[in-house]
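Going by our numbering, the sequence shown opens with residue 64, and the numbers climb by one from there. For glycine and all other residues, C-beta sits at the position ideal for the given N, C-alpha and C.
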Amino acid sequence: MLIYAKNFTDTSSLVHHFTSGIDKTAPSKTNFLPLFFWNFAGAAVVIALGVIPLPIYWYYVLQNAYSVGLVISIVSSPFLMFVGGVLPHGIFEISAQVIAAAISARLAWYGMNKFLKRKREDIKYIELLKQTLTDTLVLVMPLLFVAAIVETYITPIFIKMIMP
């Protein structure tokens, strides 16, 4: 969708699209839970795709970097937008995304090693799945929860300070 938007729409349409969802009244009156569930669903999908013994997690990392770069590139001051609009919640959200990609990579590499019979694994697959669930619930979920709260209630304050 982002590739289509970048190639087939003009910059002013993209700016309107991305900024129309930003609540510039601080603090925001919106609920952070839909944002949390949206971000957690993305992380859960990439973790679930780790059962396929291919490095699909790289697409997730690159797509996230591309979308952040696209949003930053359409504003007049990319540095200020990064510092005020991405960094406050990005500390938590990007960390959670990297951890989700690492969990997915662990699953994928286990499958690749098993499929290619390159290495004898000391852990059983069911134990790896339990460890994956634990890591997801203990590491990824809380980080995304905090990121959603910061993105909903604190980031709009910073955006209001840096954007007219």
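Option nearest THR197 by Cα separation, candidates ILE217, ILE162 and LEU112: Nearest option by C-alpha distance: ILE162.
Buried or exposed: where does TYR123 fall if 16 or more other Cβ atoms within 10 Å of its Cβ makes it buried? buried
With the cut-off set at 8 Å, would you say ILE110 and THR199 are in Cβ contact? yes
Measure from the alpha carbon of MET226 to the alpha carbon of each residue in ASN94, TRP121 and VAL146, then state which is nearest. VAL146
Cα-Cα separation between LEU207 and ALA106, rounded to whole angstroms: 9 Å
For GLY132, the first and last residue of its enclosing alpha helix (DSSP H): 120–136
Starting from the Cα of ALA128, find the closest Cα among ALA164, LEU117, VAL108 and ASP185 and give me that residue. Nearest C-alpha to ALA128: ALA164.
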